[in-house]
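Peer 1: After the structure tokens below, expect a handful of questions from me.
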Amino acid sequence: MTPETPAPLTPVAEDWERALCVVAHPDDLEFGAAAAVARWTGQGKRVVYAMVTSGEAGIDALSPAECRPLREAEQVASARIVGVEEVEFLGLPDGVLEYGVPLRRAITEVVRRHRPEIVLTNNLRDTWGGANLNQADHIAVGRATLDAVRDAGNRWVFAEQLAGDLEPWGGVREVWAAGSPLAGQAADTTGTFDAGVASLEAHAAYIDGLGWEDWDAREFLESASRGAGQRLGTTFATAFEVFPMGWGA
Ligand SMILES: [Zn+2]
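Right, dumping it as structure tokens:
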């Protein structure tokens, strides 16, 4: 293989019914994964979003109190475009998330309630590939999600959550991290690419707040999705780093 030929990607599993997406901020899923979510909801699968923060520190010109409801509303609208009806906001503080037991506890509770087979999160590596550094909240949430998926299956970890109707849930087969430079698998998003673009454009206040002149959601998603598609053998794709979670996997 020559250096100009990136390694091929293989298709992610699609023999599942329920997925839970756990990310740090509103908009994290829309920078690539949402088109894949649209594909899966189109197949009749159930996908739920859990936002660890409300992205309330994401717009320089707006105080967190002003920003929070705006970003939550944009996320709910964005999710609906790709067939996701349920969006939860866990209410942890944007920008200062710490990897640790409190974050694992919050994510474990969501995993136990929704009992997904697949959990999606964001890139948890130090960079996006190349020199662009990842953001601290993404790394903390990605790492805590990997741990929380295991915590969820252990009735003696965060046992206080199991006092009522909640049961342990050890049924997560894999965790998929979108945007990882170590991605090895992908979903074909050719048929749902436009829904993915519309779901990113739904974050209009956020994108305006970034002040990126002439930035275009479609162009941005096209370049990322075309590269992954070439490696999968499709026009467009979303790539994932896949972490097997079951024993003996
Ligand atoms: Zn983010």
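When we follow our numbering, the leftmost residue of the sequence shown carries the number 600, and every step to the right adds one.
Backbone N, C-alpha and C define an ideal beta-carbon position, used for all residues, glycine too.
All values reported here derive from a predicted model rather than from experimental measurement.
Are there any heavy atoms of ligand 1 lying less than 7 angstroms away from the beta-carbon of Gln760, as far as the coordinates show?
Peer 2: Within the sequence shown, the letter at position 161 stands for residue 760. Taking 7 angstroms as the cut-off, the C-beta of Gln760 does not count as close to any heavy atom of ligand 1.
Peer 1: I believe Trp581 touches Asn733 by the beta-carbon criterion, under 8 angstroms. Please report the beta-carbon distance rounded to the nearest angstrom.
Peer 2: There is simply no residue 581 to check, as the chain begins at 600 and stops at 848 in what is shown.
Peer 1: So, helix, strand or coil for Val570, using DSSP?
Peer 2: This structure cannot speak to residue 570, because the chain is shown only from 600 to 848.
Peer 1: Nearest by alpha-carbon distance to Gln829: which of Tyr648, Asp787, Gly682 and Gly795 is it?
Peer 2: The residue you call residue 829 lines up with position 230 of the sequence shown. Checked all of Tyr648, Asp787, Gly682 and Gly795; the closest Cα to Gln829 is Asp787.
Peer 1: Can you give me the start and stop residues for the beta strand (DSSP E) that Thr720 sits inside?
Peer 2: One-based indexing of the sequence shown puts residue 720 at position 121. Counting along the chain, the beta strand (DSSP E) containing Thr720 begins and ends at Ile717 to Asn721.
Peer 1: May I have the straight-line CA-CA distance separating Ala892 from Val646, to the nearest angstrom?
Peer 2: Nothing about residue 892 can be reported from this structure: the residues present for the chain run from 600 to 848 only.
Peer 1: Does the distance from the CB of Leu619 to the CB of Ala785 come in under 8 angstroms?
Peer 2: On the sequence shown, position 20 is the one that residue 619 refers to. On the sequence shown, position 186 is the one that residue 785 refers to. Not in contact: Leu619 and Ala785 (Cβ atoms no closer than 8 angstroms).
Peer 1: Within 10 angstroms of the Cβ of Gln674, are there 16 or more other Cβ atoms? Answer buried if so, exposed if not.
Peer 2: Counting from 1 along the sequence shown, the entry for residue 674 is found at position 75. Around the CB of Gln674, 16 or more other CB atoms lie within 10 Å, so the residue is classed as buried.
Peer 1: Any idea what DSSP makes of Gly847, helix, strand or coil?
Peer 2: Start at 1 with the first residue of the sequence shown, and residue 847 comes out as number 248. Reliability of the predicted coordinates at Gly847 is poor, the pLDDT of 48 falling under 50, and the value obtained from them is presented with this limitation in mind. Three-state result, Gly847: coil.
Peer 1: Is His624 near ligand 1 - that is, is its Cβ less than 7 angstroms away from at least one heavy atom of it?
Peer 2: Position 25 of the sequence shown holds residue 624. It does: the Cβ of His624 is within 7 angstroms (strictly closer) of some heavy atom of ligand 1.
Peer 1: Between the stretch 752-765 and the stretch 830-838, do three or more beta carbon pairs fall short of 8 angstroms?
Peer 2: no
Peer 1: Less than 8 angstroms between the beta carbons of Arg617 and Arg714, yes or no?
Peer 2: Taking the first residue of the sequence shown as 1, we reach residue 617 at position 18. Taking the first residue of the sequence shown as 1, we reach residue 714 at position 115. Yes, Cβ-Cβ distance for Arg617 and Arg714 is below 8 angstroms.
Peer 1: Classify Ser779: buried if its beta carbon has 16 or more other beta carbons within 10 angstroms, exposed otherwise.
Peer 2: Position 180 of the sequence shown, counted from the first residue, corresponds to residue 779. Buried.
Peer 1: Run the proximity test for Gln734: is its beta-carbon closer than 7 angstroms to any non-hydrogen atom belonging to ligand 1?
Peer 2: Here residue 734 corresponds to residue number 135 of the sequence shown, with the count starting at 1. The answer is yes for Gln734.
Peer 1: Is the stretch 838-845 touching the stretch 651-664, taking contact as three or more C-beta pairs under 8 angstroms?
Peer 2: no
Peer 1: Under 7 angstroms: does the beta carbon of Asp627 sit that close to some heavy atom of ligand 1?
Peer 2: Locating residue 627 in the sequence shown gives position 28, counting from the first residue. Yes - ligand 1 has a heavy atom lying nearer than 7 angstroms to the Cβ of Asp627.
Peer 1: Mind checking which residues open and close the alpha helix (DSSP H) that includes Trp639?
Peer 2: Residue mapping note: residue 639 aligns to position 40 of the sequence shown, counting from 1. Looking at the DSSP string, the run of the alpha helix (DSSP H) that includes Trp639 is Ala633 to Gly641.
Peer 1: Please classify Tyr805: does DSSP put it in a helix, a strand, or coil?
Peer 2: One-based indexing of the sequence shown puts residue 805 at position 206. Helix.
Peer 1: Taking only runs that begin and end inside the stretch 632-694, name each unbroken alpha helix (DSSP H) of 4 or more residues, in chain order.
Peer 2: For the stretch 632-694, whole alpha helix (DSSP H) runs of length 4 or above, ordered along the chain, are 633-641 and 663-680.
Peer 1: Since Glu818 is in the beta strand (DSSP E), which residue starts that stretch and which ends it?
Peer 2: As a working mapping, residue 818 is identified with position 219 in the sequence shown. Segment Ala816 to Leu831 is the alpha helix (DSSP H) holding Glu818; no beta strand (DSSP E) there.
Peer 1: Can you check the stretch 715-770 for any beta strand (DSSP E) of at least 3 residues that lies completely inside it and give the ranges in chain order?
Peer 2: 717-721
Peer 1: Let me see if you follow: with CB-CB separation under 8 angstroms, is Leu628 close to chain B or not?
Peer 2: Structure shown: chain B not included; a single protein chain is present.
Peer 1: If you reduce the DSSP assignment to three classes, tell me which class Ala618 lands in.
Peer 2: If you number the sequence shown from 1, residue 618 lands on position 19. The answer is strand: DSSP assigns Ala618 an E or B state.
Peer 1: Does Asp815 pass the burial test, meaning 16 or more other C-beta atoms within 10 Å, or should it be called exposed?
Peer 2: Position 216 of the sequence shown, counting from 1, holds the residue named residue 815. With fewer than 16 other Cβ atoms within 10 Å, it is exposed.
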